[in-house]
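These notes concern the structure reproduced below.
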Ligand code: SIN
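Residue numbers (our numbering): 2 to 486.
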């Protein structure tokens, strides 16, 4: 009798997970998400859009140049060239999946500009609701796809290994009910770690759970110290997960001002308010330390906000600010983790059977600092690449050894998690130095048995301490940094 083919388990319902699941057809897929409806992903919150050299005056080489410059040339060059060369086709594929990108009056795709880009090359969907539009379209495709079984409301808290290979997962739901699932392979698309910081533009689920579990299973970490801080999240007193104020607003003419109304970025970088994110974020961080609040003046932004920036408009109005008339208070916020599980170009983690795509993975494409609007692009392209690879592979040979569970372990209680977020924000935020990093590391070592988040923080702090120089988003105030314009 022919044995039924085991499914590939994909963990995560953001851009990377959805793209992976679609590309796996006709191989059976189990797509596991924490939220019942797949919401709550960082992809769905992405406002910036997708970068691609679509203009006749632009080129993949120019896109690659900007990607390398933002990434402080710490990037994997071949990955960058591949990503930028594939970007126009990715836009075409997304359109075939039902994503409707914004067009100008003549019917051409509207191209916007964001930090670190020397030309306008960002496409948006629904104005600043690009991520939501993309996730909505791909989720519909996935939910209609006969090869994908969707399972929401579950957390993957253990991996099953046999003969050194990952061959299953254990999930638990909100009521604590556990279930074990065997798998031909497991793909982590679990997102980043922004929610481990006191201020983040990420959703609460971006807590590094997939990264922690992958490391526990023996996967290698890469570039953990490189955390990108977005310069402009809405500064809401006492809140941790903050609405993003998209960089596209600065691309449309908004300007940062200090507490006295003076232009914040004047004379600091040739690209001014559109300098790479790490530079702007550090300036905002410094100005908040020196003089108090920092403001984004968007009064010069023209056009219909309901069409161009509906997400920003709604978030500001909900906080009692009309951004068309009033300056927006902003703060840096943990936004994107360039580091993660070390993977090759096809998403292989080095642990047989375990793959990773999107923000949880580090294939080197983003270097030390991701270029704006390259994240949805990477999620979609790498997800499709890994999905296609697995779809073309034979089912793994049946192992003979004993099964072994690798567990993520218990999480921190809420008060301790709050304290850890504050610790990481202060010691491993936009500006770092050895003494605070060392102290924070000692605190984590002393508390290492209290929850899996501590182990992750410990590794990040150790990596940040080890890299004594500044590079990209990792800024050591006790070191010298060279900036390439
Ligand atoms: C933004 O809209 O400012 C963020 C876009 C991105 O993270 O690439």
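Ideal Cβ placement from N, Cα and C applies to all residues, glycine included. Quick caveat, the model's predicted, so the values are computed rather than measured.
Item                                                                                                                                      : Value
Backbone secondary structure at residue 7 - three-state DSSP                                                                              : coil
Residue interval of the alpha helix (DSSP H) (run including residue 85)                                                                   : 78-97
Exposed unless 16 or more other CB atoms sit within 10 angstroms - verdict on residue 300                                                 : exposed
Cβ-heavy atom distance, residue 247 to the ligand SIN, below 7 angstroms                                                                  : yes
Residues that DSSP places opposite residue 408 in a beta bridge                                                                           : 159
Chain-order list of residues whose beta-carbon lies under 7 angstroms from that of residue 422 (same chain, five-residue window excluded) : 197, 198, 199, 241
Alpha-carbon to alpha-carbon, residue 190 and residue 360                                                                                 : 7 angstroms
Closer than 7 angstroms: residue 1 CB and nearest the ligand SIN heavy atom                                                               : The structure shown does not extend to residue 1, since the chain is modelled only from 2 to 486, so the question has no answer here.
Opening and closing residue of the alpha helix (DSSP H) in which residue 61 lies                                                          : 61-71
Cβ neighbour criterion (16 or more within 10 Å) applied to residue 176                                                                    : exposed
Reduced DSSP secondary structure (H/G/I, E/B, other) of residue 373                                                                       : coil
Alpha carbon of residue 3 to alpha carbon of residue 230, nearest angstrom                                                                : Note that residue 3 scores a pLDDT of 49, beneath 50, so its modelled location is shaky; the value from the coordinates is reported in the next line. For residue 3 and residue 230, the distance between alpha carbons rounds to 52 angstroms.
DSSP state of residue 264 mapped onto helix, strand, coil                                                                                 : strand
Runs of beta strand (DSSP E) lying entirely within the segment 206-289, each at least 3 residues, in chain order                          : 228-235, 256-258
Contact set for residue 438: own chain, Cβ-Cβ below 8 angstroms, skip 5 residues either direction                                         : 428, 429, 462, 465, 466
Residue 104 (DSSP reduced to helix, strand or coil)                                                                                       : strand
Member of 121, 201, 138 whose CA lies at the smallest distance from the CA of residue 335                                                 : 201
Counted within 10 angstroms of its Cβ, other Cβ atoms place residue 13 as buried (16 or more) or exposed                                  : buried
Residue 440: first and last residue of the uninterrupted alpha helix (DSSP H) it sits in                                                  : 435-447
Residue from 187, 184, 181, 206 with nearest C-alpha to residue 193                                                                       : 206
Nearest-angstrom beta carbon gap, residue 269 and residue 251 [assumed within contact, 8 angstroms]                                       : Rounded, the Cβ-Cβ distance is 14 angstroms, inconsistent with contact.
Alpha carbon of residue 135 to alpha carbon of residue 374, nearest angstrom                                                              : 13 angstroms
Segments assigned beta strand (DSSP E), at least 3 residues, entirely inside the segment 104-138                                          : none
Helix, strand or coil at residue 145 [DSSP, three-state]                                                                                  : helix
Residue 467, DSSP secondary structure in three states                                                                                     : helix
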